[in-house]
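This report refers to the structure that appears directly beneath it.
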Amino acid sequence: MTQFFLGLALALVLFAAGGFVVHIVTQRKVIYRWSYRILFSGFAVLTLYLGLRYYDLGAAPVLTLKSSLVFFAWAVIGACLLFQLRFKLMVLSSFATPLAACLLIVSSALPGGEAIVKPMYKSLWLTIHVGTIFMGNGIFALTFLAAIMYLIQERQIKKKQFGGFFNRLPSLATLDAVNHYTLIYGFPLLTVGMVTGAIYAQYALGSYWRWDPKEIWSLITWLFYATLLHERLAVGWRGRRAAILSIAAFMVLIFTFVGASLWLSDYHSFKTLRGGMTP
Amino acid sequence: MIKFLDIGINHETAPVEVRECLAREETTSFRVLESFRNLPCVSEGLFVSTCNRVEMFCITPRPDEARRQMISLMARLGGIPEGEFTGMLYIHEDMEAVRHIFRVASSLDSMVLGEPQILGQIKEAYFQATREKTSGVILNRLMHRAFHVAKRVRTETGISDAAVSISYAAVELAKKIFHELQDKAILLIGAGEMGELAARHLMRQGCSSIRVANRTFERAVGLAKAFGGEAVSFEEIGPQILEVDIVITSTASRGYVIEHDLVKGSLRKRRNRPLFFIDIAVPRDVDPKVNTLENVYVYDIDDLRSVTELNMEQRRQEAVKAERIVREEVLKFEKWLKTLAVVPTIISLKEKAERIRRNELKKSLGSLEGLSPEQRSAIETLTVSITEKIINDPILVLKRKAERPSRDLYLDMARTLFNLDQEDN
Numbered sequence: 074m075t076q077f078f079l080g081l082a083l084a085l086v087l088f089a090a091g092g093f094v095v096h097i098v099t100q101r102k103v104i105y106r107w108s109y110r111i112l113f114s115g116f117a118v119l120t121l122y123l124g125l126r127y128y129d130l131g132a133a134p135v136l137t138l139k140s141s142l143v144f145f146a147w148a149v150i151g152a153c154l155l156f157q158l159r160f161k162l163m164v165l166s167s168f169a170t171p172l173a174a175c176l177l178i179v180s181s182a183l184p185g186g187e188a189i190v191k192p193m194y195k196s197l198w199l200t201i202h203v204g205t206i207f208m209g210n211g212i213f214a215l216t217f218l219a220a221i222m223y224l225i226q227e228r229q230i231k232k233k234q235f236g237g238f239f240n241r242l243p244s245l246a247t248l249d250a251v252n253h254y255t256l257i258y259g260f261p262l263l264t265v266g267m268v269t270g271a272i273y274a275q276y277a278l279g280s281y282w283r284w285d286p287k288e289i290w291s292l293i294t295w296l297f298y299a300t301l302l303h304e305r306l307a308v309g310w311r312g313r314r315a316a317i318l319s320i321a322a323f324m325v326l327i328f329t330f331v332g333a334s335l336w337l338s339d340y341h342s343f344k345t346l347r348g349g350m351t352p
Numbered sequence: 037m038i039k040f041l042d043i044g045i046n047h048e049t050a051p052v053e054v055r056e057c058l059a060r061e062e063t064t065s066f067r068v069l070e071s072f073r074n075l076p077c078v079s080e081g082l083f084v085s086t087c088n089r090v091e092m093f094c095i096t097p098r099p100d101e102a103r104r105q106m107i108s109l110m111a112r113l114g115g116i117p118e119g120e121f122t123g124m125l126y127i128h129e130d131m132e133a134v135r136h137i138f139r140v141a142s143s144l145d146s147m148v149l150g151e152p153q154i155l156g157q158i159k160e161a162y163f164q165a166t167r168e169k170t171s172g173v174i175l176n177r178l179m180h181r182a183f184h185v186a187k188r189v190r191t192e193t194g195i196s197d198a199a200v201s202i203s204y205a206a207v208e209l210a211k212k213i214f215h216e217l218q219d220k221a222i223l224l225i226g227a228g229e230m231g232e233l234a235a236r237h238l239m240r241q242g243c244s245s246i247r248v249a250n251r252t253f254e255r256a257v258g259l260a261k262a263f264g265g266e267a268v269s270f271e272e273i274g275p276q277i278l279e280v281d282i283v284i285t286s287t288a289s290r291g292y293v294i295e296h297d298l299v300k301g302s303l304r305k306r307r308n309r310p311l312f313f314i315d316i317a318v319p320r321d322v323d324p325k326v327n328t329l330e331n332v333y334v335y336d337i338d339d340l341r342s343v344t345e346l347n348m349e350q351r352r353q354e355a356v357k358a359e360r361i362v363r364e365e366v367l368k369f370e371k372w373l374k375t376l377a378v379v380p381t382i383i384s385l386k387e388k389a390e391r392i393r394r395n396e397l398k399k400s401l402g403s404l405e406g407l408s409p410e411q412r413s414a415i416e417t418l419t420v421s422i423t424e425k426i427i428n429d430p431i432l433v434l435k436r437k438a439e440r441p442s443r444d445l446y447l448d449m450a451r452t453l454f455n456l457d458q459e460d461n
């Protein structure tokens, strides 16, 4: 049954992504409105799926790369819907939904199988730790997308060559504001995620910090975003420079999420997390 | 048989002096509409007068006479001899006139393609016609269709999307940089006409304040006063750049007024807030190198011109779509007009059937005593449904034939078969 919900969610998100792409080309609002409704339904189904998975496993469904990609996609869509309400930026969905759809497709292409859930994973700390981290990641995905849009738009205005995106992308001030606010909301979530992770580690493994590669990379990511936030608030960084740093920070974040977990990690590795796979 | 007639002059057919002659008085439209009311050959009429066009549109049963009367009216109005005047006129008839009105309302006939003001002016002309009671069923329908066409053109094509004048292009770019202009401050350097115009457009878009710097301080004071702003001396430009968001320059200076180092030095103090230079001067006032600085955007007159040309080209492309919409809507209107011819016959038919039903019902109910109200109502319903069913098929045939050439034959036949003409008399 849960697989059916995942399939349905994937279909809805794909459909919405297609709709948003058509919208950005044709600029027809009716297409946007329907895509938004479909995306909202997809998000609801995905939430239901994750809820059922949580209930089945008794732990947050993030123990394999396959399931964490679904969780990541959910966070991206959730952040997109929230910021959509806040900024009324139609174009944001045209970038964020295809990204979420890609995450879901990659997840569905990965080999299946259930992780064996060790008792230590059935902790509320783990849920808070990964929940806040992923929500932060979802919001940072928007920071990244807004930064890309900013660079495209800024290039057009600077070079005085107005391509098809000029009228379709919002103003530089709006994109910079999205970059700013996503940082303001995303950073505390990332911080809470890291702190609760440390508390959970102390509770489950007996030490707050074990110099696990993923922990180190998480710290580096955190430092990137901290620097960006500091420069923005204290020095008045904005525009192009802030956009470039947000892109770099998101690259580090993705490396931390995928690279460090697959190749470098110790106890954060998905191999370790799975413990062993049931067929 | 009703005919449409549109007679007028516009920016392409007549010089501005002639257009001025016709459009100079506010009471003109009132006088024209009054004349329409008094002319027996005009059944409905509209008068449009803007700075680029003056035209009269009428619905008439006698087009030749109406044409003569309208040309003479227009010549009298402008105080121009008819002989000199007729060469400047364009005359459209029937569906061509309808198409013309649709094109005008959609601003496809305007000097600046896609400009939004014309629709408001057409609406105003129509409201005047309704106030003066020179509009009727057909003109009402026509004008509502014209507004509908204009709306379709605006929403389904990008004809009004992009700015085509230098000042509007500057405003559009400013909005792409700042999003909202409400809290933005302007520094106007120099007192050139174009710079002043750009500043005025930006102020109209809601910019909060303006400072004016000019080599002649008195001139700066005068201009600042006109804008409700503040005059500053030429030496204060540096410190002013720290505070403002948009700088418009239009001085006659031979060298650069705004140097690269001046702007670079102010960026950190400005906390990197974006700065937009609109350089309308020739030779240029702002060093082009300033554009390489982060969060600083410099547009000179050539850049702005290329923006407007690009936008104009975009509008021309969109106009092709708009013309297709107009053609579509003219066909729809023509179809409606044809159905109009069968309406009186259908109404007569319905009235006759209803009259017969009532008479017969009255007679029958008189001889049927002791019926309960429910039974009376059931008989009433029965008679209504019988008459409706009998006349339903003839009505459908008439509606179907409304657009066919055989329409008149069927109308005659229906009127003869049901003896409607005698009934009407």
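Residue numbers (our numbering), protein chains in the order written: chain A, 74 to 352; chain B, 37 to 461. Virtual Cβ for every residue (Gly too), placed ideally from N, Cα, C.
As DSSP reads the structure, Lys-39 of chain B sits in a beta bridge with B:Thr-96.
By the Cβ criterion, the segment 224 to 239 of chain B is in contact with the segment 267 to 285 of chain B, since at least three pairs of Cβ atoms, one from each stretch, lie closer than 8 Å. Positions of the alpha helix (DSSP H) runs, each at least 4 residues long and wholly inside the segment 148 to 192 of chain B, are given as 153 to 167, 173 to 192 in order along the chain. Counting of Cβ neighbours within 10 angstroms places Tyr-204 of chain B among the buried residues, the total reaching 16 or more. Minimum Cα-Cα distance from Trp-107 of chain A among the listed residues A:Arg-228, A:Gly-92, A:Ala-182 corresponds to A:Gly-92. Judged by beta-carbon spacing, Ile-154 of chain B lies within the 8 Å limit of Val-140 of chain B, meaning their Cβ atoms are closer than that value. Burial check for Asn-74 of chain B: the Cβ neighbour count within 10 Å stays below 16, so the residue is exposed.
Taken through DSSP and simplified to helix, strand or coil, Asn-46 of chain B comes out as strand. Taking 8 Å as the CB threshold, Pro-324 of chain B stays off the interface with chain A. Under the three-state reduction of DSSP, Leu-242 of chain A is assigned to coil, being neither helix nor strand. Counting only unbroken stretches of 3 or more residues, no beta strand (DSSP E) element lies wholly within the segment 259 to 329 of chain A. DSSP places Phe-235 of chain A in the coil class of the three-state scheme, outside both helix and strand. For the 8 Å CB-CB criterion, Ser-196 of chain B and Gly-150 of chain B form a contact.
For Thr-285 of chain B, DSSP records a beta bridge to B:Ile-225, B:Asp-315. Residues of chain A whose Cβ lies closer than 8 Å to the Cβ of Ile-213 of chain B are, in chain order, Ile-230, Ser-244, Leu-245, Ala-246. Interface residue (Cβ-Cβ distance to chain B less than 8 Å): Trp-310 of chain A is classified as such.
Look at Ala-250 of chain A here: in three-state DSSP terms it is helix.
By the C-beta density criterion, Ile-392 of chain B is exposed, having fewer than 16 other C-beta atoms within 10 angstroms.
Interface flag for Phe-235 of chain A against chain B is set, since a Cβ pair is found closer than 8 Å. Excluding residues up to 5 positions away in sequence, Ala-152, Thr-255, Tyr-258, Gly-259 lie with their Cβ nearer than 6 Å to the Cβ of Ile-212 of chain A in the same chain. With fewer than 16 other Cβ atoms from the protein chains shown falling within 10 Å of its own Cβ, Arg-110 of chain A counts as exposed. Under the Cβ criterion (8 Å, minimum of three pairs), the segment 299 to 309 of chain B does not count as touching the segment 249 to 257 of chain B.
Against chain B, the beta carbon of Arg-110 of chain A has no neighbour under 7 Å; the closest one sits roughly 21 Å away.
Contact annotation: Ala-133 of chain A and Thr-75 of chain A have beta-carbon atoms that are not nearer than 8 Å. Contacts with chain B at 8 Å (Cβ-Cβ) do not include Asn-252 of chain A. Counting along the chain, the unbroken alpha helix (DSSP H) around Leu-87 of chain A starts and ends at 75 to 99.
In its chain, beyond the 5 residues on either side, Leu-138 have a beta carbon closer than 8 Å to the beta carbon of Val-331 of chain A. The beta carbon of Arg-314 of chain A sits closer than 8 Å to some beta carbon of chain B. Taking a C-beta distance under 8 Å as the contact criterion, Val-325 of chain A and Ile-289 of chain A do not qualify as a contact pair. Assignment of beta-bridge partners to Arg-247 of chain B by DSSP yields B:Leu-223, B:Glu-266. The beta carbon of Ser-181 of chain A sits closer than 7 Å to those of Leu-83, all from its chain and outside the five residues before and after it, given in chain order. Assigned with DSSP and collapsed to three states, Glu-91 of chain B falls in strand. Gly-242 of chain B is positioned such that its CB atom lies no closer than 8 Å to that of Leu-278 of chain B.
For Asp-323 of chain B, the secondary structure class from DSSP, reduced to helix, strand or coil, is coil. Per the C-alpha coordinates, the member of B:Thr-86, B:Leu-238, B:Ile-38, B:Glu-364 positioned closest to Val-78 of chain B is B:Ile-38. For Asp-339 of chain B, the C-beta contacts it makes with chain A under 7 Å involve Lys-233, in order along the chain.
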